[in-house]
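Residue numbers (the UniProt record's numbering): 1 to 538.
Here's what the structure looks like:
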């Protein structure tokens, strides 16, 4: 009796199938054959086995093939369409009538589908099926149990897609490809979004890529009040106050990803998102600052920012970091910042730390990744000390400047950290597991008492993009210092950038080779590190 009960339990079936079936990536066909064989064990087992077998479809073909009159098309979508071009229809079709018996079988399997990847556009077969369904069943959903819907619109927007929406939907992802740049797309899209918001009021996650007008989502955001994850990704977008006010009304929103290249004048009403824990913003630096200034979100733990502005001054960066501290200091644990085409005008007294010093006041940061395309700023040993002592909860730290084939563009006379400064992270950041710095100089470890007696650290990955002049003076001394300070390094994962830079030396002319002589002894350091680790393990 217990065995029969187990075979009738939906929850245990995936475990059985996982044990009986090959790895999915190896042979999906073999998996299907195994599941079909399992389905013959008993009636109770069969029903649940079919549920598992049909719950995740990569396309509609398995359902369409249930009709004897289905004829698959042999054409493929074009690589691209110009604006205004009308794409050819998908040639899938039904040649003949749909019988009541076939439709009953179709509905039996359609109700099992939980996840659907829908790729393509206008199909005569889909049109015929939705027409039949609409005639006999009115406004009912074609897939009544659908939970997740992933749509890649590679043809003209297919209005039949709205009949796939159901009240059970919790996640919808829409990606427009190049072939969707049609004049009537926005009108059709608005109708589809309105239909989605009516049919799926309990929607929790909505992601859309390449949408030029986020304001078109206002009805959906207003009606789907249970949204937890909203991502509007794509080309430069105009953020309207009406859309932001609708987003602000969401009481359960946890994750938000939007672009703010262009913004209306910020509404005097704050954008209050008390449940928001993840925020990703892309756009012009000034608009990112303005958006953060209007935001009231006391529980943000993860913040990802990308600046697409061509020129950003030193003060612009400082203003942004000051705003981040003002808005998120109480809760922030992870921050990522990418600044493209940044050209801060600075005198020689500034270092990389000056761009983000306000963040040092957020002492609970655990994961920091700051990447500046402008590489004309140095970093001193004192800067490294300030960073390590301020962020003692760090687990991952990545600092990068602009990268070229010759490494960062460091002006003559810039302050550069020495190898001995790495001991600051071993001293102050006991939980650090990943450390990446843009450059380092004077690879002879300091004899300063400040770095003596450092307890062995658990760091797993260490990487440096560029070793600056004068390079490696004593490979043995460098290897011993690194091994004694960070004895738990995963060497295959560490120092990838240094090794890559040195291996590329053969690609350049003699003048360029001079820039890589600083790495010429790195192979010796790497070999010594391996020997030291092996000797300690024996």
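A virtual CB, placed ideally from N, CA and C, is assigned to each residue, including glycine. Only a predicted model underlies this, so the values are computations on that prediction, with no experimental measurement involved.
Asked, Found
"Beta carbon proximity, residue 492 to chain B, threshold 9 Å", "You won't find chain B in this structure, because it holds only one protein chain."
"Cross-strand partners of residue 338 (DSSP beta bridge)", "306, 371"
"Nearest to residue 110 (by Cα), restricted to the options 430, 145, 496, 138", "145"
"Nonlocal neighbours in the same chain, by C-beta distance under 6 Å from residue 278, ignoring five residues either side", "255, 302"
"Assigned exposure category for residue 196 - 16 Cβ within 10 Å defines buried", "buried"
"Limits of the unbroken alpha helix (DSSP H) element including residue 438", "Not the alpha helix (DSSP H): residue 438 falls in the beta strand (DSSP E), residues 434 to 440."
"Residue 283 classed as buried or exposed, judged by whether at least 16 other C-beta atoms fall within 10 angstroms", "buried"
"Cβ neighbour criterion (16 or more within 10 Å) applied to residue 131", "exposed"
"Boundaries (first-last residue) of the alpha helix (DSSP H) holding residue 170", "Looking at the DSSP string, residue 170 is not in any alpha helix (DSSP H), and its letter there is neither H nor E."
"8 Å contact criterion, which residue 539 and residue 232 should meet: CB distance rounded", "Nothing about residue 539 can be read from this structure; the chain reaches only from 1 to 538."
"Stretch-stretch touch, CB-based, cutoff 8 Å, three pairs: the stretch 362 to 369 with the stretch 306 to 314", "no"
"Among 339, 296, 293, 334, the one whose alpha carbon lies nearest that of residue 313", "339"
"Residues near residue 27 by beta carbon distance below 6 Å, same chain, minus five either side", "Because the pLDDT of residue 27 is 49, which lies under 50, any placement of that residue in the model is unreliable, and the number read from its coordinates should be weighed accordingly. Once the five neighbours on either side are set aside, residue 27 has no close Cβ partner at all."
"Closest residue to residue 366 among 331, 415, 151 (Cα-Cα distance)", "331"
"Continuous alpha helix (DSSP H) stretch holding residue 478: start and end", "475 to 485"
"Contiguous alpha helix (DSSP H) assignments of at least 4 residues, all confined to the stretch 231 to 315", "241 to 248, 285 to 294"
"Host alpha helix (DSSP H) of residue 387 (start-end)", "381 to 390"
"Cutoff 7 Å; reference residue 281; Cβ partners in own chain excluding five residues on either side", "258, 260, 288, 291, 305"
"Extent of the continuous beta strand (DSSP E) to which residue 208 belongs", "205 to 209"
"Rounded C-alpha distance that separates residue 542 from residue 432", "Coverage of the chain is limited to positions 1 through 538, which leaves residue 542 absent and any answer about it impossible."
"Three-state class that DSSP yields for residue 46 in the structure shown", "helix"
"Integer-rounded CB distance, given that residue 275 should sit under 8 Å from residue 253", "6 Å"
"Backbone CA spacing between residue 498 and residue 327 [nearest angstrom]", "37 Å"
"Beta carbon of residue 479 nearer than 9 Å to that of residue 435", "no"
"Residue 129, enclosing beta strand (DSSP E) - first and last residue", "Residue 129 -> not in any beta strand (DSSP E); alpha helix (DSSP H) instead, spanning 124 to 137."
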